[in-house]
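Residue numbers (the working numbering), protein chains in the order written: chain A, 106 to 318; chain B, 106 to 318; chain C, 106 to 318; chain D, 106 to 318.
Glycine included, every Cβ here is placed at the ideal spot set by N, Cα and C.
Structure record follows, encoded as structure tokens.
4 protein chains.
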Amino acid sequence: MNTSTLPSDQTLNAACTAKRQQILDGAATLFLHNGYEGTSMSQVAREAGVSKGTLYNYFDCKAQLFSALIEAVAETKLRNVYERIHSDDLDCATTLQRVAEAMIRTLLQPDSMMLYRIIVAEARKFPLLADIFWQRAFGVSISTLADWIANRAARGELVVDDPVFAAEQFFMLCQTRIVQRHRFELPVDKSDAAIKTVARITSESFMKLNGAH
Amino acid sequence: MNTSTLPSDQTLNAACTAKRQQILDGAATLFLHNGYEGTSMSQVAREAGVSKGTLYNYFDCKAQLFSALIEAVAETKLRNVYERIHSDDLDCATTLQRVAEAMIRTLLQPDSMMLYRIIVAEARKFPLLADIFWQRAFGVSISTLADWIANRAARGELVVDDPVFAAEQFFMLCQTRIVQRHRFELPVDKSDAAIKTVARITSESFMKLNGAH
Amino acid sequence: MNTSTLPSDQTLNAACTAKRQQILDGAATLFLHNGYEGTSMSQVAREAGVSKGTLYNYFDCKAQLFSALIEAVAETKLRNVYERIHSDDLDCATTLQRVAEAMIRTLLQPDSMMLYRIIVAEARKFPLLADIFWQRAFGVSISTLADWIANRAARGELVVDDPVFAAEQFFMLCQTRIVQRHRFELPVDKSDAAIKTVARITSESFMKLNGAH
Amino acid sequence: MNTSTLPSDQTLNAACTAKRQQILDGAATLFLHNGYEGTSMSQVAREAGVSKGTLYNYFDCKAQLFSALIEAVAETKLRNVYERIHSDDLDCATTLQRVAEAMIRTLLQPDSMMLYRIIVAEARKFPLLADIFWQRAFGVSISTLADWIANRAARGELVVDDPVFAAEQFFMLCQTRIVQRHRFELPVDKSDAAIKTVARITSESFMKLNGAH
DNA sequence: AATGAATGAGGATTCATTCAT
DNA sequence: TATGAATGAATCCTCATTCAT
């Protein structure tokens, strides 16, 4: 057997993974622009530069491709939000303000916005998917923030009974006005200043609710 | 004039309105269960018990039927929320708790939930519709509550700079945990007790943020 | 019986005829713009300002309405062509040139052009109709001209074996270039000068073919 | 290379072309019988023995299929007319008579007749198509004949100012009586003898108009 | 593993015609 | 007689999926 002309397993896997990724990239572009029903498998094939047959070699059906895509995308979306929670050197209010600002900016990104729309819209049809999305995006953000809150409470900087609920309240407050209105495509000031203001008010509100005096 | 053999204008209008309502009812069932793309005009016709031709006699196209439906439904959904804001004889905390409870219960209703899903999902395609929905549901609730807040602030019971923003924060807080998780079809305690608890915390939080002293 | 409140037969007929005409007028506008298949009965009803029910009271079906319309329209279209053939005071060439010019101008009118298109297109489906159209338009023109030719031949101004064939040739020659190309929507000089030139050449050609000497 | 298991490019192209041709054949049958509006894509699919989906794989829409069909058919229809113009060994009158006869016979063929009907009927909707049809059928016939006329004029056999106009007149004269009446589905003698007579008269007329002396 | 031609059910919409009022 | 709401078959076209190559 001539191994020089045949790809090794690693090469195969790499090729396989690469092609898979290529499809997912094409799918992301389309699903996040046009939604689930608004995207056809032909479009995905064309966008990804593969044939429809290949599509179905990698994914059993449209629903599965969609699920795989959401799984992949959900992971990355809020990472830069909850990753910045671990900075321990700043006072509570400042950290929270920065987290709030990151959250608002992230949620306003076209991709995140569409992701939210799609997940909420299709949660009935793909409950597992909504679950995965929650765990990888909102869920991890909430629990990371809850841990941080518990930590600060232990340090006496906050007074909190239920850190998870407090974290949930915090992220809800982040969505006041700008994010919420943008979800309804209403005209709303999305300027830097406006975002900073909402982030500041959110942080201040949280401190009023949970700060030690 | 022989009124027994000729229908009066009212009868005619009634018939017309009745058929229209009949179609809207069928459409509501389907659109609110399966979404916009997931509902076909044939299904609507069958559900409403009319022919496809009749459908198109009353509504120019699918989009218009959908719009008419959302307009009609949006109007009624949150009415019982903002109508109970006007009770002036109770203290702030109690009123707010009742409003919060009504809001949570309303948003958890299958219809409202689907309405939210659909509006958010299709806001891109039907921006006008999202606008109408906002005005008739969230918008009126927010401005009603904002008025109430301003009133209570004038009475010295609250201290509020921006009553509208405060109202928006209040309704965001209402959606913490139960509503939010239900939107993602996550398992969550939707018991009476749980709802009351969130409503109470929301009310208390608001009073902490905006109460006098 | 109170005849003063009931319309007499004549009034009825008049009303009937008027309504009929009203429908035919609306139908003419539409059929001559959009063709047979391109015109719907609803459009006709709206254009004529009557209900669809009334339409079907006066005409059994779309085909019959169409036929009635063509009958009515065909009659008038070429009248001003063959009516000017009877001027006996001019020399042959001049008369023919004027007839040719009238013919070309008439055939170029949007109505006539569409009538030709429609009749030719639908002749298979409505052979009787094509026959009627022929008799009332081309047919009467040909026979009128043939009579005139025979008359002039009798006067020694023309030498013609078969006046009918000669007349047919004359009208075919009229359609050279401008009319023919306009039927194919090709760009062609339709200026007054161009029309006059073709008319002159047609007349001259006819005289060369059939003139005495 | 194992050519027995893999189709060559030619085979693939052949298959593609064959299927395309199969569709065009089915489309020809129907469009040329029932016209553009009178033919449905379902009918074409059934007639061609393919699915509707396949139809739309080969042609973007009904209009494009129709256009492709007309383009293909137009090319061939009058070829045997203008190809016989190049015979230089015969005298003018004989050549013209043969060309006239070929023209009349061709225009009387059911296919050509329907082609004319459809093009004239749909020229408004498909001006490009009418243009293509003209160029490939009447246009090339006219210019070929015009060239021949110019050539004979150079040889002193004809005296012609405007060879193109003369050619156009010639083809108009060919359509006198038989072709013209057949377009209106009128009863008319289409016998061999009748055709020959019209061809002879046409040739003689042309010689009278343009012959030397 | 990759292709892309083929499928056919299903999508929205139109329209000639009928009929109760 | 006049109305116009109701019908449902037919229109063009799309799309997820399969399968021979």
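- Here the alpha carbons of residue 126(B) and residue 309(A) stand approximately 49 Å from one another.
- Leaving aside the five residues that flank residue 311(D) on each side, the residues in its chain whose CB is nearer than 6 Å to its CB run, in chain order, 201 and 275.
- Here residue 188(C) is exposed. Its C-beta has fewer than 16 other C-beta atoms within 10 Å.
- Approximately 6 Å separates the beta-carbon atoms of residue 223(D) and residue 140(D); this is inside 8 Å, confirming the contact.
- Residue 143(C) sits in coil when the DSSP states are folded into three classes, being neither helix nor strand.
- For residue 314(B), the neighbours in chain A by C-beta distance under 8 Å run, in chain order, 310, 313 and 314.
- Relative to the Cα of residue 315(C), the nearest Cα in the group 295(C), 210(C), 254(C) and 301(C) belongs to 254(C).
- The beta carbon of residue 187(D) sits no closer than 9 Å to any beta carbon of chain C.
- Looking at the DSSP output, residue 244(B) sits in no beta bridge, so it has no partner there.
- Using a CB distance cut-off of 9 Å, residue 317(B) does not count as an interface residue toward chain A.
- Judged by their CB atoms, residue 174(B) and residue 245(B) are not nearer to each other than the 9 Å cut-off.
- Residues of chain A whose Cβ lies closer than 8 Å to the Cβ of residue 278(B) are, in chain order, 274, 277 and 278.
- Boundaries of the alpha helix (DSSP H) harbouring residue 300(C): 297 to 315, taken from the DSSP string.
- Contact of residue 238(C) with chain D is assigned, a C-beta pair being separated by under 9 Å.
- Residue 203(C) is a Cβ neighbour of residue 195(C), given a cutoff of 9 Å.
- With 16 or more other CB atoms across the displayed protein chains lying within 10 angstroms of its CB, residue 279(B) is buried.
- The three-state reading of DSSP puts residue 174(D) in helix, counting H, G and I together.
- Any Cβ of chain D closer than 9 Å to the Cβ of residue 299(C) would place that residue at the interface, and such an atom is absent.
- Contact annotation, residue 185(D) with residue 205(D): C-beta distance approximately 13 Å; criterion of less than 8 Å not satisfied.
- Across the structure, residue 145(C) and residue 166(C) are spaced so that their CA atoms are roughly 11 Å apart.
- Under the three-state reduction of DSSP output, residue 160(B) falls in the helix class.
- DSSP places residue 137(C) in the helix class (H, G or I) of the three-state scheme.
- For residue 289(D), the C-beta contacts it makes with chain C under 9 Å involve 224, 225, 228, 232, 235, 236, 238, 239 and 243, in order along the chain.
- Contact between residue 233(D) and residue 227(D) does not hold, since their C-beta atoms are separated by about 11 Å, which reaches or exceeds 8 Å.
- Residue pairing for residue 263(D): DSSP places it in a beta bridge opposite 316(D).
- Taken residue by residue, none of the region 174 to 185 of chain C has a beta-carbon sitting less than 7 Å from a beta-carbon on chain D.
- Considered as a whole, the region 203 to 233 of chain C harbours 215 to 227 as its complete alpha helix (DSSP H) runs of no fewer than 4 residues, in chain order.
- Against chain C, the CB of residue 282(D) has a partner CB under 9 Å away; the residue lies at that interface.
- Taking CB atoms only, residue 163(B) has no neighbour in chain A less than 9 Å away.
- Using a CB distance cut-off of 9 Å, residue 142(D) counts as an interface residue toward chain C.
- Put simply, the backbone Cα of residue 147(A) is about 40 Å away from that of residue 273(A).
- Taking the Cβ atoms as the reference, residue 220(B) lies roughly 7 Å from residue 179(B), within the contact range of under 8 Å.
- Contacts with chain B at 9 Å (Cβ-Cβ) include residue 285(A).
- Residue state for residue 131(B) is assigned as helix, using DSSP reduced to three classes.
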